[in-house]
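Chemist: Numbering (my numbering), first residue to last: 79 to 235.
My questions all concern the structure below.
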Amino acid sequence: MRRHASKLIITFCVLAAFAVSAQAESMMETNASAGKAFMEKNLKADGVKKTASGLQYKIIKEGSGKKPGPTSEVTVNYEGRHLNGEVFDSSYKRNKPISFRLNRVIKGWTEGLQLMKEGAHYQLFIPPELGYGRRGAGAAIGPQETLIFDVELLKVN
């Protein structure tokens, strides 16, 4: 009887793992497809530019200060949104800018912030390969998500 129960439990666990895996794969495909469609349409919007890597950006306000390098420490205000407009993170809401080194963040930020000068405000449209890719970022960002960030470069330290 115990042997039979153990086999049932193992079978259930294996089936549950397959179901979770299939659900994650479906979410990845959905996010990737939505992101690709968004980026194609977004590129046609006024003022949107694209880099060789696939990063898209729009200059909201030009800056006039220093430009950061790939390992510079910077201080920024930002808001991160999903394609549906839902905010998943914001330094504005915390009323506290953040500082970090550009080589310690997602590739889309590293590249996008190097286009900016102090005082600039850009919108960055980051495809998954320059963001969190297949792994996502916890519950906040799903796998293969394209992300939108409003970023103000306050200071190059």
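Yeah, the Cβ is synthetic: ideal placement off N, Cα and C, and Gly gets one too.
Keep in mind it's a predicted model, so treat the numbers as computed, not measured.
Considering only residues of the same chain and omitting the five flanking positions on each side of Met-106, which have a CB-CB separation below 7 Å?
Modeler: Indexing the sequence shown from 1 puts residue 106 at position 28. Answer for Met-106: Arg-212, Pro-221 and Gln-222, listed in chain order.
Chemist: Pull up the distance between the alpha-carbon of Phe-203 and that of Glu-164, whole angstroms please.
Modeler: Numbered from 1 along the sequence shown, position 125 holds the residue referred to as residue 203. Numbered from 1 along the sequence shown, position 86 holds the residue referred to as residue 164. Taking the straight line joining both Cα atoms gives about 14 Å.
Chemist: Alpha carbon to alpha carbon, what distance is there between Phe-166 and Ile-219?
Modeler: Working through the sequence shown from its first residue, we reach residue 219 at position 141. Working through the sequence shown from its first residue, we reach residue 166 at position 88. About 8 Å.
Chemist: Check whether the Cβ atoms of Lys-145 and Glu-189 lie closer than 9 Å to each other.
Modeler: Taking the first residue of the sequence shown as position 1, residue 145 is located at position 67. Taking the first residue of the sequence shown as position 1, residue 189 is located at position 111. Cβ distance not < 9 Å, so Lys-145 and Glu-189 don't count as in contact.
Chemist: When you compare each of Gly-216, Ile-226 and Gly-147 to Asn-120 by their alpha carbons, which one comes out closest?
Modeler: Here residue 120 refers to the residue found at position 42 when the sequence shown is read from its first residue. Residue Ile-226 is the option with its Cα nearest to Asn-120.
Chemist: Within 10 angstroms of its Cβ, does Gly-158 collect 16 or more other Cβ (buried), or is it exposed?
Modeler: In the sequence shown, counting from the first residue as 1, residue 158 sits at position 80. Classification for Gly-158: buried.
Chemist: Which whole runs of the alpha helix (DSSP H) in the segment 108-195 are 4 residues long or more, in chain order?
Modeler: Restricted to the segment 108-195, the alpha helix (DSSP H) segments that are unbroken, complete and at least 4 residues in length are 169-172 and 185-192, listed in chain order.
Chemist: Apart from the five residues on each side of it in sequence, which residues of its chain come closer than 7 Å, Cβ to Cβ, to Ala-217?
Modeler: Numbered from 1 along the sequence shown, position 139 holds the residue referred to as residue 217. Closer than 7 Å at the Cβ level, and outside the excluded window around Ala-217, lies no residue.
Chemist: Do you know offhand how far Leu-231's Cα is from Gln-201's?
Modeler: As a first step, residue 231 is located in the sequence shown; it is residue number 153 there, counting from the start. As a first step, residue 201 is located in the sequence shown; it is residue number 123 there, counting from the start. Roughly 11 Å separates the two Cα atoms.
Chemist: Could you compute how far the alpha carbon of Gly-143 sits from the alpha carbon of Ala-215?
Modeler: As a position in the sequence shown, residue 143 is number 65, starting the count at 1. As a position in the sequence shown, residue 215 is number 137, starting the count at 1. Spanning the alpha carbons of Gly-143 and Ala-215 requires a straight line of approximately 32 Å.
Chemist: Cβ of Arg-212 less than 9 Å from any chain C Cβ?
Modeler: Going by chain labels, chain C is absent from the structure shown, which holds only one protein chain.
Chemist: Residues in its own chain within less than 6 Å of Gly-209 by CB, not counting five upstream and five downstream?
Modeler: The sequence position of residue 209 within the sequence shown is 131, counting from 1. Same-chain partners within the cutoff: Ile-184, Gly-186 and Leu-225.
Chemist: Here's the rule I'm using: 16 or more other beta-carbon atoms within 10 Å means buried, otherwise exposed. How should Ala-115 be labelled?
Modeler: Numbered from its first residue, the sequence shown carries residue 115 at position 37. That one is exposed.
Chemist: Using the beta-carbon count (16 or more within 10 Å), is Asn-109 buried or exposed?
Modeler: Here the question's residue 109 lines up with position 31 in the sequence shown. Result: buried.
Chemist: From Glu-140 to Tyr-156, what distance separates their C-alpha atoms?
Modeler: Your numbering for residue 140 matches position 62 in the sequence shown. Your numbering for residue 156 matches position 78 in the sequence shown. Spanning the two alpha carbons is a distance of roughly 16 Å.
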